[in-house]
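**Q** Please find one structure pasted underneath; my questions will follow.
Protein chains: 2
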Amino acid sequence: MAVALAACLCLLVLGATTSQAGHPAHQHPKLINPIRMMPEASSGESVPVYNCLSWRLTVETNNKRNWSNVPARCGFYVADYMTGRQYRYDCEAVVDIAIKYVKSLSIPTDGRSIWIFDIDDTALSNLPFFSRPDVFFGVKTLNAELEAEFYEFVLTAEVPVLAATLRLYQAIVEAGIKAVFLTGSSERSADARAKNLKAVGYDTWEELILKPDSVNTTVQVFKSQVRNRLVVQGYRIEGNIGDQWADIVGSNVGRRTFKLPNPMYYGYY
Amino acid sequence: MAVALAACLCLLVLGATTSQAGHPAHQHPKLINPIRMMPEASSGESVPVYNCLSWRLTVETNNKRNWSNVPARCGFYVADYMTGRQYRYDCEAVVDIAIKYVKSLSIPTDGRSIWIFDIDDTALSNLPFFSRPDVFFGVKTLNAELEAEFYEFVLTAEVPVLAATLRLYQAIVEAGIKAVFLTGSSERSADARAKNLKAVGYDTWEELILKPDSVNTTVQVFKSQVRNRLVVQGYRIEGNIGDQWADIVGSNVGRRTFKLPNPMYYGYY
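Residue numbers (full-length UniProt numbering), protein chains in the order written: chain A, 1 to 269; chain B, 1 to 269.
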């Protein structure tokens, strides 16, 4: 704690010194010193904290790809983020922007406007599972046993709502847009997923599309193919929201895409 | 300061309580309470700080688009971020990933492999200008007078290097990839930009492409058209790095794209 406070103070002092200098800064081309990353071993305890902030930013901005686990040194950082207020504020901030966008649209009355929602950590929150000590917010690898237990968790149909996304759902329905839920979850969980979605407040939808076990492509390719089919059928994808970049890149991504935060896992599978 | 510390402590306690509970969390489906965003007026002084974190994340993830200024309430937050260590760590983290990617490539010896670098706040850092009190890290609108002064700043050819990007430049050159600098800066600044790039260590390049004053498209469209021309000429765009989403979306974006942080302005112009 003392180290973190010292780092805080240091940053504040740095910021204050520079921003209150009062000179036109272009007279000081050397004002901004490049501070180079130091090897962790030599740089004291505060650096891993910064590295975890940087790590999360590289993940959320799609700079870091195909990663398999949260680095062990960032476990408590991610735990604090996901269980604290900031994750919720970050979700609400994305949804605020999405709702403002929805309200700016003129939706035709032909019933062909849709909004695509991912399910896991978008419509519903898997935090009860990922906060298990043996999963530890993505630090631990999901081996076959944990994968099976995650599937059981899905089948309970008691996965809690991600509150911000429900707020967006209500806004799109009110605007005359229909919801399409599109998930990489197995088709075998269709009944549980439908029951779960209804139980938390997603009352109705145009389609609930799960991944057939026969499909061997990545989720990204699967979702692109489904969206292509929807467009061919005459639907207009007004928006598309997911917690994974795989949800919102590829073909026919939609008129506007929204990325919810998720520093716990990477959805390339 | 006291408020910020109290907020820190609060988050730590929240995090510790939840993550150390020791129960398999799926036995507590109500464990994770949705915390809703409160109106600022009723929520105490710590909330604007969280909102600025959320605001920055929505900007960096391309959720927030077409914004014109840093919100006034986030001015000191952005000032602290940009002048402190975190911005530098965040840049270095992106470049670490990019260099790892470069080292994974097998580059043919035909000299057709290129890497596209944006200039402003990518190859060079405009912080000396944006830290001016009358610009205040993007809080103030760049009116015609300030735009003119920014242009003078560019013409000094003394814009400092963004150290992380120079490190990436050295890695791509070493790997046999040629640099192409592609900027929305006016062609009239070509001499100053070239002199500036060389002065800080970008010794050589395949092309330095500036926007002709006759081009009336957005930077995003201009850069896409240039990349299309490069691909038609037989170049392979192995990578592409910029601080703006407009640098790395569109057509022929490159085999892999990298987004440096920049919470000071939005490059849609």
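Beta carbons are placed, not taken as given, at the ideal position from N, Cα and C, and that holds for glycine.
(1) I think T141(B) touches V95(B), with their Cβ atoms under 8 Å apart; what is that distance to the nearest whole Å?
(2) How far does the beta strand (DSSP E) with V159(B) in it extend, from its first residue to its last?
(3) Would you mind telling me which residues of chain B sit closer than 7 Å to N63(A), beta carbon to beta carbon, in chain order?
(4) What residues in its chain sit with their C-beta under 6 Å from that of P120(B), if we drop five residues either side in the sequence?
(5) With a threshold of 16 other CB atoms inside 10 Å of the CB of N240(A), please say whether the residue is buried or exposed.
(6) In chain order, what residues of the same chain lie with their CB nearer than 6 Å to the CB of R65(A), ignoring the 5 residues before and after it?
(7) Could you list which residues in chain A have their beta carbon closer than 7 Å to that of L230(B), in chain order?
(8) Nearest CA to the CA of G242(A): which residue from G184(A), V215(A) and A190(A)?
(9) If the cut is a Cβ gap below 7 Å, which residues of chain A does T58(B) touch?
(10) Run through DSSP, which three-state label would K223(A) get?
(11) How do the stretch 137–151 of chain B and the stretch 163–183 of chain B stand: do at least 3 beta-carbon pairs fall below 8 Å, yes or no?
(12) Applying the criterion that 16 or more other CB atoms from any shown protein chain within 10 Å of the CB defines a buried residue, is T109(A) buried or exposed?
(13) Quick one: list the residues of chain A neighbouring W55(B), beta-carbon separation under 7 Å, in chain order.
(14) Quick check: is the beta carbon of Y266(B) nearer than 8 Å to any beta carbon in chain A?
(15) Following the continuous beta strand (DSSP E) through G254(B), name the residue where it begins and the one where it ends.
(16) Go ahead and pull the three-state DSSP assignment for T18(B).
(17) Taking a contact to mean a Cβ-Cβ separation below 8 Å, would you say Y266(B) touches W115(B) in this structure?
(18) Taking only beta carbons into account, state which residues of the stretch 71–95 of chain B come closer than 7 Å to chain A, listed in chain order.
(19) Closer than 9 Å by beta-carbon distance: list the chain B residues that pair up with N51(A), in chain order.
(20) Measuring alpha carbon to alpha carbon, tell me which of S189(B), E238(B), V249(B) and G75(B) ends up nearest I99(B).
(21) Check for me: the beta strand (DSSP E) holding residue 274(B) runs from which residue to which?
(22) Using beta-carbon positions only, say whether Q225(B) and V249(B) come within less than 8 Å of one another.
(23) DSSP three-state call for V173(B): helix, strand or coil?
(24) What number of angstroms, rounded off, separates the C-alpha of P128(A) from the C-alpha of C52(B)?
(25) How big is the Cα-Cα spacing for Y235(A) and N228(A)?
(26) What span of residues does the alpha helix (DSSP H) with K100(B) cover, start to end?
(27) Please tell me whether P212(B) and V59(B) are closer than 8 Å, where the distance is taken between their beta carbons.
(28) To which residues does DSSP link E207(B) through a beta bridge?
(29) Let me know if Q233(A) comes out buried or exposed under the rule of 16 or more other beta-carbons within 10 Å of its beta-carbon.
(30) Report buried or exposed for K103(A), applying the criterion of at least 16 other Cβ atoms within 10 angstroms of its Cβ.
(31) May I ask you to list the residues that DSSP assigns as paired with K259(A)?
(32) Please name the residue in A163(B), S113(B) and G176(B) whose C-alpha comes closest to that of L124(B).
(33) Nearest-angstrom Cα distance between I107(B) and T257(B)?
(34) L208(B): which of N62(B), F117(B), D90(B) and F153(B) sits nearest, CA to CA?
(35) By alpha-carbon positions, which one of R112(A), G201(A), R167(A) and R188(A) ends up nearest to V215(A)?
**A** On the basis of the data shown:
(1) Their Cβ separation, rounded to whole angstroms, is 31 Å, which puts T141(B) and V95(B) out of contact at 8 Å.
(2) Per DSSP, V159(B) belongs to no beta strand (DSSP E) and is neither H nor E.
(3) Near N63(A) (Cβ distances below 7 Å), the residues of chain B are V94, I97, F258 and K259.
(4) The question names Pro, but residue 120(B) in the sequence shown is Asp. Excluding residues up to 5 positions away in sequence, N126 lie with their Cβ nearer than 6 Å to the Cβ of D120(B) in the same chain.
(5) The residue in question, N240(A), is buried, as its Cβ has 16 or more Cβ neighbours within 10 Å.
(6) For R65(A), where only same-chain residues beyond five positions count, there are no Cβ hits under 6 Å.
(7) Under the 7 Å cutoff, chain A gives no residues; its nearest Cβ is about 22 Å from L230(B).
(8) The option with the nearest alpha carbon to G242(A) is G184(A).
(9) Neighbours of T58(B) on chain A, chain order: A93, V94 and I97.
(10) Correct three-state label for K223(A): helix.
(11) Under the Cβ criterion (8 Å, minimum of three pairs), the stretch 137–151 of chain B does not count as touching the stretch 163–183 of chain B.
(12) It counts as exposed.
(13) Result: A93.
(14) Interface annotation, Y266(B): not in contact with chain A, CB-CB separation never under 8 Å.
(15) Annotation: G254(B) is outside any beta strand (DSSP E) and is labelled neither H nor E by DSSP.
(16) Below a pLDDT of 50, predicted positions are generally treated as unreliable, and T18(B), at 37, falls in that range; the measurement from the model is reported next regardless. Note: T18(B) maps to helix in three-state DSSP.
(17) When the beta-carbon positions are compared, Y266(B) and W115(B) stay at least 8 Å from each other.
(18) Cβ contacts with chain A: A79, D80, T83, G84, R85, Q86, R88, Y89, D90, E92, A93 and V94.
(19) Chain B residues near N51(A): Y89 and A93.
(20) Out of S189(B), E238(B), V249(B) and G75(B), the CA that lies nearest to the CA of I99(B) is found in E238(B).
(21) With chain B covering 1 to 269 only, the question about residue 274(B) has no answer from this structure.
(22) No, Cβ-Cβ distance for Q225(B) and V249(B) is not below 8 Å.
(23) Residue state, collapsed to three classes: helix.
(24) Those two C-alpha atoms are separated by around 28 Å.
(25) Approximately 10 Å between the Cα atoms of the pair.
(26) Per DSSP, K100(B) belongs to the alpha helix (DSSP H) from R85 to S104.
(27) No. Outside cutoff.
(28) Note: E207(B) sits in a beta bridge opposite V180(B).
(29) When all chains shown are included, Q233(A) counts as exposed.
(30) When all chains shown are included, K103(A) counts as exposed.
(31) The partner list for K259(A) (beta bridge, DSSP) reads G242(A).
(32) For the residues A163(B), S113(B) and G176(B), the minimum Cα distance to L124(B) belongs to A163(B).
(33) If you take the alpha carbons of I107(B) and T257(B), they lie about 17 Å apart.
(34) Nearest Cα to L208(B) within the set N62(B), F117(B), D90(B) and F153(B): F117(B).
(35) Closest by alpha carbon: R188(A).
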